[in-house]
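Residue numbers (my numbering), protein chains in the order written: chain D, 4 to 190; chain Z, 273 to 1066. Cβ atoms here follow ideal geometry from the backbone N, Cα and C, with glycine treated the same way. Notes follow once the structure below has been shown.
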Amino acid sequence: MTSLFSEISPEPAADVPVRRITVTVNGQRRSADVEPRLLLAHLLRQAFRLTGTHTGCDTTNCGACTVLYDGQPVKSCTMLAVQADGHEVTTVEGLAGASELHPVQEGFRDEHGLQCGFCTPGMMLAAKALLDRNPDPTEDEVRWALSGNLCRCTGYQNIVKSVLWAADKMRGPDTGGGGDRHDEEQP
Amino acid sequence: MTLDEVKIGGLGASRKRVEDNRFIRGTGNYVDDIVLPDMLHMEILRSPLAHARITSIDTSKAWEIPGVHLVLTGEMMAARNLAWMPTLSYDTQAVLATDKVRFQGQEVACVIADDPYTAKDACEAIVVDYEPLAPIVNPEQALAPDAPLIRDDKEGQADNVIFDWEVGDREATERAFAEADHVSTLDLHYPRSHPSPIEACGSIADFDRSTSKLTVYMTTQAPHIIRAAVALVAELPEHMIRIISPDLGGGFGNKVPVYPGYVASILASILLERPVKWIEDKSGNLISTGFGRDVYLKGELALRKDGKILGVRMHTDSDHGAFFADAQPSKFKIGLMHSTFACYDVGAAHLTARGVYTNKAPGGVAYRCSFRVTEAMFFQERMVQAAADELGIDQAEIRRMNFVRDDDFPHRTPFGFLTDSGQYGKCLEVGLEAVGYADFARQKEEARRRGRLLGIGISTMTEPLGAGNSREYDILGIKMFDSAELRVHTSGKAILRTGAKTQGQGHETTWGQIVAHELGIPAEDIIVEEGDTDTAPFGMGTYASRSTPVAGAAVSMVARKIRAKARKLAAHLLEVSEEDIEWELGRFYVRSAPDRGVTIQECAMAAYTNVPDGMEPGLENTAYYDPPNLTWPFACYIATVEVDPETGVWDVLNLVAVDDCGVRINPMIVEGQIMGGLTEAFAMASMQFITFDADGNCVGSNYMDYLLPTAWETPGFELHEVVTPCPHHPIGAKGVGECATVGGPAAFVNAVMDAISHTGVRNIDMPLLPDRVYEALSTGRDVSGAPPVKTDES
């Protein structure tokens, strides 16, 4: 049984209402018994130990807790865990495949799109959601899509470049994108 | 064959960051990610009022809530002599309020429970009776003769003044003013701002009764200093305290001070004998933790009519809130405000500075700067622009005329610092060329005829970095230096630890590059660890851009110690005397037979397998680096803007940055730091400030009210470089992480003031919100931003 934070409260008090929910997280069905007031961010972090989803501001502003909810970016710090019942959630831990990074992850690494790394998971998920619906965004479209995510380190310029790099890579060489054009190893 | 230094990730390589591998996978390890067995959670109850006497605290209802283990009040802290703690500035700060609350958001009680939800419930069940007192929200009120005494807890404190200090030559400055053709005056306010890393503060205290050892995982930029402070407060010796600072979600000076939450979580863990986690929420972080700036200036420049600066006179009043709680690495209480006018050849200067207590959260932290340098440079560059306008001199020309010249180094600044190197004029010329200065002036005139308002603003500044040296700088009496420990294993792969603590600056990447540069060991063969006081050598932490100037220098020096021992090993392996050995990157060889050589890796193996008689085995060492002086990077930032005369909205057309930070270890990281700094500068100039209403309520307690720029508002930046190596740094580096935050704001403000110069307005205080600009445009008068904002005036 998973009450609020399973690691410290295996047995919830008798008067705490709990509800069983099932969420598909990163492709895996997971169940938990939760208090109705438990936030989705805390379900992911504390119950499922997916700590890549960070909580920054608690008010839906900073975007560090952004996850994909049925493919759409949402801020998990102001969404209840019970609202995710029966839905699909993708966190940063679900971005990479078994061996390969997602192009957005590669883009952030290659274009120096992060410094302290705290906002990075939310940024990358917001970026993935953009690229899923718009594979060829303009710089302005990238900036607008990321405007719900705050970063205090990078000045955004390299984050925007990272997303454009990923777009380029995802479109692939056949579309004229030339996914490896930024690769330093190329002549 | 000599190794290619850049290919092995040495000096000058834009090496991809090592730490990114875990951050992009979501496997970083921030304090809130750590879970310990049997861990409890702490929440803090904060004061809703800025100034009030506490008449009673009733915690009985909180104790009754299932899952609550402990409710801590100031009275319980006082019984253990912990109601007050020393600050890093030799002041005292309440841990939990006992007698009075002195700012909104001050810590009043703590609840420790099974989970944070229950702890928050219990905080709400605590009933506190307050008797409101008149709040003081700015220095003017604090200095009034009849002002209520905020710190009546301090024996001998008869007023609200924290320090009253002067530096410079008063008489010589008076003479300069007497001889001046023109005196230019300017009153400015640099508003209060919060560094606001996206990750708030937090700690997990874990006291182990069986060993009496206290381990604290903590969001801190300076673990060893915190260990010293905890030793004072907890009355435990240092060897029984282990501070671990894991990955940090930004710091910017906010994570240097000791906060009551850390102390309360430690006491709770000692009392409960269980780990206690405290993770601050954003509102708690914004209203109660280290603020920066909040300084008022009265500035005067004595000028010859051709623009030559003869003398500078400045008076500053700074608002430090209820406790003087920043880290103060200098015997000068105003920090480095007197670094002002360092890049100009000024004959005489005098500065008086006063700090006051108010009913605001403790402030004065060095928010992405070397203490008061941001204010110093902002005031300097605003004063220079105002003087140029008054004398009708071109703003580039007045700087050119007054700069310290390249052949004038070492140069003694008007307040006594010694600067060592720089090409100030060249930086300016590169910037002017890049921005198209002459052409912009023509565009501006044409635009003006069509009713469009264009402006250009210059900021040229130098920042003192690398606090140290130990002669002049200390925290809590501990002299400032830094350290590095390098252990080279048998295979030639190595682990490096330093007393610094990265918060996004990329130490794990750049420190490896310095070792690669010194030894020729590929950077990928070196791992870097920081932030654990049980394993890292004693150091002063990371803030004030001191990592590269001090800790980075220590990395160089320890690598050189390793190389010196490896040379002896090489002589032994090659069977020649040490004098016959030459070094090239990664390899020793016999001078007379360059083909006969051994690699550094072979020397490493020999250190454990084949040492000469009398030599200690092993290849590891530690270096403590006490810098001979500060380093002085220089930068020129030029902004062009367009102001909409109908709305007061202004847009950045271009921002050109020319940074001379000496030798660049990793150009990619340097540029990333500059772009980040420029964004904070843009934020300060355009939107980011925290103010208080007349009752001392914090206006800006969440990100809906405290405006930070997003990717949408933030302009792009054009970066250029000039490289003047620092003569006394082992690899010629000067530090760069804060230069743009320090020097940038004046460029934006000067540009907007230039755009509206026809109105006769001489100043709008930051942030230049559209309503302030519109007010200036429509009234022709200066606009002050000084708080309090009167919210309930009828």
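7 Å Cβ cut-off: residues of chain Z touching residue i
| i | result |
| --- | --- |
| Thr157 of chain D | Gly944, Met947, Gly948 |
| Gly74 of chain D | Residues of chain Z passing the Cβ test: none, with the nearest at roughly 18 Å. |
Per-residue DSSP class, three states only, for residue i
| i | result |
| --- | --- |
| Ser12 of chain D | Low confidence applies to Ser12 of chain D: its pLDDT is 43, below 50, so where it sits in the model is not reliable, and the reading given next is rough at best. Residue state, collapsed to three classes: coil. |
| Gln75 of chain D | strand |
| Ala907 of chain Z | strand |
| Thr894 of chain Z | strand |
| Leu737 of chain Z | strand |
| Glu103 of chain D | coil |
| Thr1013 of chain Z | helix |
| Phe675 of chain Z | strand |
| Asp393 of chain Z | helix |
| Pro686 of chain Z | coil |
| Trp783 of chain Z | helix |
| Tyr861 of chain Z | strand |
| Lys837 of chain Z | helix |
| Asp171 of chain D | helix |
| Glu188 of chain D | For Glu188 of chain D, the predicted structure reports a pLDDT of 38, less than 50, and the residue's modelled location is therefore unreliable. The matter cannot be settled from this model. |
| Gln160 of chain D | helix |
| Leu117 of chain D | coil |
| Asp591 of chain Z | strand |
| Gly869 of chain Z | strand |
| Lys751 of chain Z | strand |
Buried versus exposed call for residue i [16 or more other C-beta atoms within 10 Å across all chains shown]
| i | result |
| --- | --- |
| Lys1062 of chain Z | At Lys1062 of chain Z, the pLDDT of 48 sits below 50, so the modelled position is not reliable; the number obtained from the coordinates is stated separately. By the neighbour-count rule (16 or more Cβ atoms within 10 Å), Lys1062 of chain Z is not buried but exposed. |
| Leu1068 of chain Z | Since the first residue shown for chain Z is 273 and the last is 1066, residue 1068 of chain Z is missing from the structure and cannot be characterised. |
| Asn353 of chain Z | exposed |
| Asp401 of chain Z | exposed |
| Asp931 of chain Z | buried |
| Gln189 of chain D | Low confidence applies here, because Gln189 of chain D scores a pLDDT of 36, under 50, leaving its location unreliable; read the following figure in that light. So Gln189 of chain D counts as exposed. |
| Gln31 of chain D | exposed |
| Gly97 of chain D | buried |
| His511 of chain Z | exposed |
| Tyr975 of chain Z | buried |
| Lys333 of chain Z | exposed |
| Gly920 of chain Z | buried |
| Arg671 of chain Z | buried |
| Ser6 of chain D | Here Ser6 of chain D scores only 43 on pLDDT, less than 50, and its place in the model is too uncertain to base an answer on. |
| Gly282 of chain Z | buried |
Beta-carbon proximity of residue i to residue j, cut-off 7 Å
| i | j | result |
| --- | --- | --- |
| Ile853 of chain Z | Ala842 of chain Z | yes |
| Asp393 of chain Z | Ile337 of chain Z | yes |
| Glu952 of chain Z | Thr1013 of chain Z | yes |
| His313 of chain Z | Lys549 of chain Z | yes |
| Ala756 of chain Z | Thr770 of chain Z | yes |
| Gly579 of chain Z | Leu663 of chain Z | yes |
| Gly593 of chain Z | Gly635 of chain Z | yes |
| Ser165 of chain D | Trp984 of chain Z | no |
| Thr123 of chain D | Phe295 of chain Z | yes |
Residue(s) in a DSSP beta bridge with residue i
| i | result |
| --- | --- |
| Lys549 of chain Z | Z:His313, Z:Ile476 |
| Val1055 of chain Z | Z:Ile1036 |
| Tyr302 of chain Z | Z:Asp519 |
| Gly440 of chain Z | Z:His622 |
| Asn926 of chain Z | Z:Thr912 |
| Leu41 of chain D | According to DSSP, Leu41 of chain D bridges with nothing at all. |
| Asp931 of chain Z | Z:Ala907, Z:Glu993 |
| Val645 of chain Z | Note: Val645 of chain Z sits in no beta bridge, so no partner. |
| Gly564 of chain Z | Z:Ser465 |
| Thr1092 of chain Z | Nothing about residue 1092 of chain Z can be read from this structure; chain Z reaches only from 273 to 1066. |
9 Å Cβ cut-off: residues of chain D touching residue i
| i | result |
| --- | --- |
| Glu796 of chain Z | Neighbours of Glu796 of chain Z on chain D: none; closest Cβ ~15 Å, over 9 Å. |
| Gln775 of chain Z | Gln118, Cys119, Cys156 |
| Leu520 of chain Z | Cys119, Phe121 |
Interface partners of residue i on chain Z, CB under 9 Å
| i | result |
| --- | --- |
| Arg40 of chain D | Tyr389 |
| Ile162 of chain D | Ala983 |
| Ser1 of chain D | With chain D covering only 4 through 190, there is no way to say anything about residue 1 of chain D. |
Closer than 8 Å at the beta carbon, the chain D residues around residue i
| i | result |
| --- | --- |
| Met976 of chain Z | Thr62, Asn64 |
Where residue i meets chain Z, residues with beta-carbon distance less than 8 Å
| i | result |
| --- | --- |
| Ala169 of chain D | Going along chain Z, no residue has its Cβ under 8 Å from Ala169 of chain D, so there is no contact; the nearest lies around 11 Å. |
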